[in-house]
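What follows is a single structure, written as structure tokens, with notes after it.
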Amino acid sequence: MVANSLRWTTRDLDAMPDDGGWKRYEIIDGELFVTRAPHIRHQGAAGKLHVELEIWSRQSKLGQPFQTPGVIFTPTDAVIPDLVWISQERLANGVD
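Number 99 marks the last residue of the sequence shown (the working numbering); no jumps.
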């Protein structure tokens, strides 16, 4: 078996076709993963979690939730999680 030597990077994502958001392109350890957009029930559940985190965050003032942000860890690791929460400290230090 021959290992695939191609390693995708975040620069390659810029060349992906614009399909109106029907596909999700993510790179994990240099491997490209293409999946369809989440189902409406999945998005509904993520939306409800976002609302609860938003309410708690406003009360606690400890941070903020974000839905489906592009997160780049390294040039060969870029994902689109359903929901993330970022502390005020990290936000103040600049989150890209």
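Each residue gets a CB set at the ideal place from its N, CA and C atoms; glycine is no exception. Just so it is clear, the structure is predicted and the values come from calculations on it, not from any experiment.
Membership of ILE58 in the alpha helix (DSSP H) is indicated by the continuous run 43 to 63. Cβ contact annotation for LEU16 (same chain, cutoff 8 angstroms, sequence separation greater than five): TYR28, ILE30 and ALA81, in chain order. The continuous beta strand (DSSP E) containing ARG39 extends over residues 34 to 39. Distances from the alpha-carbon of ILE83 to those of GLN67, GLY73 and ILE89 put GLY73 closest. Between the alpha carbons of HIS53 and TRP88 lies a gap of roughly 9 angstroms.
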